[in-house]
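Just so we're aligned, residue 2 is where the sequence shown starts under our numbering, counting upward by one.
What follows is a short report on a single structure.
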Amino acid sequence: MMRARSFSTAALAGTVLLLSAACGSSTPTPSPAASSSAAGSSSSSAASTSAPPAVVHADVTELKTASSALGTIVTDSAGMTLYMFDKDTKGGAKSSCEGQCLVAWPKAMMGASAPTLTGVTGKVASIDTADGKKQLTLDGWPLYYWFKDTKAGDVSGQAVKGVWWVLDPKGTPIKTKP
């Protein structure tokens, strides 16, 4: 019994390292890993070889600001922190986060209309995704969530691999390490 638990913990740690490594590269390479939930619920058996399921967020209907240890940052209407990726090109036409990267960093998607803004002063727009949907951008930066942020106010994605950052209300990356 103890041996299975140790393997499961090691497999989970390996998954996190894999996802972090994939998201620090512009061309992530999918690899087998143990399955776990982004919200920290029970993980599947240690014998599983699939990556954690992608976190699904509803389309963003509001961009607002929130006070955090990093300063005033941009969140969605539920208070979930949004991030930018240094490997993206500001004002570019597509996201550089692909494959396994998107498991850890789900895109913030626009619904049928632009979100309302509360305290956000940067230019909000969108870029087209491969499946014909729209990913939100702020001041030209595509927006993402971090799979380890499980509740409003979490900022655990800040400075991951030195390439993921929260944004201030203007859409400027806050590059302070926690």
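A virtual CB, placed ideally from N, CA and C, is assigned to each residue, including glycine.
| Check | Outcome |
| --- | --- |
| On the DSSP bridge list, what partners appear for ASP71? | Sequence inspection shows Leu at residue 71; the Asp mentioned does not correspond to that position. BP columns for LEU71 are empty, so no partner. |
| Below 9 Å between beta carbons: does that hold for ASP87 and VAL61? | no |
| Whole angstroms are fine: how far does the CA of MET85 sit from the CA of LEU144? | 5 Å |
| Is LEU71 near LEU137, with beta carbons less than 9 Å apart? | no |
| Consult DSSP for VAL164 and reduce its assignment to one of helix, strand or coil. | coil |
| Taking the beta carbon of ALA108 as the centre, do at least 16 other beta carbons fall within 10 Å, making it buried, or is it exposed? | Position check: residue 108 holds Lys in this sequence, whereas Ala was assumed. So LYS108 ends up on the buried side. |
| Tell me, please, whether the stretch 93-105 touches the stretch 144-155 by the rule of three or more beta-carbon pairs shorter than 8 Å. | yes |
| In whole angstroms, what separates the C-alpha of THR66 from that of THR73? | 6 Å |
| Who are PRO143's beta bridge partners in DSSP? | THR138 |
| In chain order, what residues of the same chain have a beta carbon less than 6 Å from the beta carbon of GLY141, not counting five sequence neighbours either side? | LYS91, GLY92 |
| Buried or exposed: where does ALA158 fall if 16 or more other Cβ atoms within 10 Å of its Cβ makes it buried? | Reading off the sequence, residue 158 comes out as Gly, not Ala. Buried, because 16 or more other Cβ atoms sit within 10 Å of the Cβ of GLY158. |
| Can you tell me whether VAL83 is helix, strand or coil according to DSSP? | Per the sequence shown, the amino acid found at residue 83 is Leu instead of Val. Residue state, collapsed to three classes: coil. |
| Excluding the five sequence neighbours on either side, which residues of its own chain have a C-beta within less than 8 Å of the C-beta of SER97, listed in chain order? | SER27, PHE86, LYS88, ASP89, THR90 |
| Spatial neighbours of PRO179 within its chain, please: CB distance less than 6 Å, with the 5 preceding and 5 following residues excluded, ordered by chain position. | GLN159 |
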